[in-house]
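*Asks:* I'd like to ask some things about the structure below.
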Amino acid sequence: MAALTLADVLLAQRTLRAYLQPTPLHNYPALDAVVGAPTWIKHENYQPIGAFKVRGGIHFMAHLPADQRARGVVTASTGNHGQSIAYAGRLFGVAAHIVVPEGANPLKVEAMRSLGATVHFHGADFEACKRHGRTLEAEQGLRFISSGDEPLLIAGVATHTLELLAQQPNIELIIVPVGGGSGAAGAALVAKAINPAVRVVAVGAEGAPAGYLSWRDHAARSAPIQTFAAGLATGEAFLMPQAILWEKLDDFVLVSDDAMRHAMRLYLEKVKTLAEPAGAASLAAALAFPELVKGRRTALILSGGNASLEELGAVL
Ligand SMILES: Cc1ncc(COP(=O)(O)O)c(C=O)c1O
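Residue numbers for the sequence shown follow our numbering, so the first one is 873 and each next one is one higher.
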């Protein structure tokens, strides 16, 4: 497969225009004071499913060949990717099967079901779900959708960065959360193509460092998953986004679950907006690593707002 380029993302943007509005990019002076730099928030929590992943799902489904549309699709998800595929499945009339871990966020499971997807509970974590998804693919002839190693998903989610650089062309730093790495790979691909001087920094969970270790070592690494941030809870690297990150990412930091909780509270207090743990990770990184943001016009990807009431209660 040819390497993804800015042209692929421009095409994705054109496809998505019929289905999604651009999300707002706002500056909040009350937050600037806490972060210590002029900061813009990219509100992917205002997407129709409450997370940026919907960009990838719709783009993928729009290009799915007719025979695969007729057979249906299967994917593994801790929540938002599954919602994205369910949303896109409904949009294009494709049967969607989503494998989720036993303890998946009930809010996200309910959302997938209400979008018409069939939800399969399987195993304790994302890795077990992926294996079961492959089994369903083999047994039922469904098209398995990898949440990371899928160029149409990466080009789709990358449109968030295309959009934000059009909204605020003088951004100097973008901080973007990483689970499988599609969002960060897309951000780095777009930012470096438009202006190589823009720094792109990825943030992962200390409790799920597989993505960070794979980036650091330029090789696939796996690691245990011990984080409450479902969107960042990936135990094995996805090599397609990693290859882009190896080439284009400036830095990769890890934050604790406590730092994400604190950032969720700040979003509620200063921005009056709801971030889920993964969505709050970019703000957590800006606070934990002040030298990264100091003096730089910074964009934080607030990647999702699907916190369950239990999560929110515990955080407050
Ligand atoms: C809210 C949220 N943020 C960040 C991520 C990480 O995205 P990626 O898997 O593209 O690295 C996810 C993944 O599901 C997510 O749901």
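Don't be surprised by glycine CBs; every beta carbon is placed ideally from N, CA and C.
Tell me whether the region 1067-1076 and the region 962-971 touch, counting them as touching only if at least three CB pairs, one residue from each stretch, are closer than 8 Å.
*Replies:* No: fewer than three Cβ pairs fall under 8 Å.
*Asks:* Any heavy atom of ligand 1 within a distance shorter than 7 Å of the CB on T950?
*Replies:* It does: the Cβ of T950 is within 7 Å (strictly closer) of some heavy atom of ligand 1.
*Asks:* What is the DSSP secondary structure of F932, counted as helix, strand or coil?
*Replies:* Looking at F932 - three-state DSSP - the assignment turns out to be helix.
*Asks:* Return helix, strand or coil for H1090, following the three-state DSSP convention.
*Replies:* Coil.
*Asks:* Would K914 and L888 qualify as a contact pair, given that the criterion is a beta-carbon distance under 8 Å?
*Replies:* The answer is no: Cβ separation not under 8 Å.
*Asks:* Could you tell me which of Q1012, G1013, V1048 and N917 sits nearest to L1121, measuring between CA atoms?
*Replies:* It is V1048 whose Cα lies nearest to the Cα of L1121.
*Asks:* For R1011 and L892, what's the separation of their Cα atoms in angstroms?
*Replies:* For the sequence presented, residue 1011 should be read as Glu rather than Arg. Approximately 34 Å, taken between the alpha carbons.
*Asks:* Going by the beta-carbon positions, is the gap between V926 and Y959 smaller than 8 Å?
*Replies:* Result yes, Cβ atoms of V926 and Y959 sit closer than 8 Å.
*Asks:* Is the Cβ-Cβ distance between R1168 and L1045 less than 8 Å?
*Replies:* Taking 8 Å as the Cβ cut-off, R1168 and L1045 qualify as a contacting pair.
*Asks:* Ends of the beta strand (DSSP E) at L1172?
*Replies:* Per DSSP, L1172 belongs to the beta strand (DSSP E) from T1170 to L1174.
*Asks:* On the three-pair Cβ rule with 8 Å, is the region 1137-1145 touching the region 1079-1092?
*Replies:* Counting Cβ pairs under 8 Å, fewer than three are found: no touch.
*Asks:* Is G1079 near ligand 1, going by C-beta to nearest heavy atom under 7 Å?
*Replies:* Result no, Cβ not under 7 Å from ligand 1.
*Asks:* Is it true that the region 993-1006 meets the region 924-940, where meeting means three or more beta-carbon pairs spaced less than 8 Å apart?
*Replies:* The region 993-1006 is not in contact with the region 924-940.
*Asks:* Beta-carbon separation of E916 and H994 under 8 Å?
*Replies:* Taking 8 Å as the Cβ cut-off, E916 and H994 do not qualify as a contacting pair.
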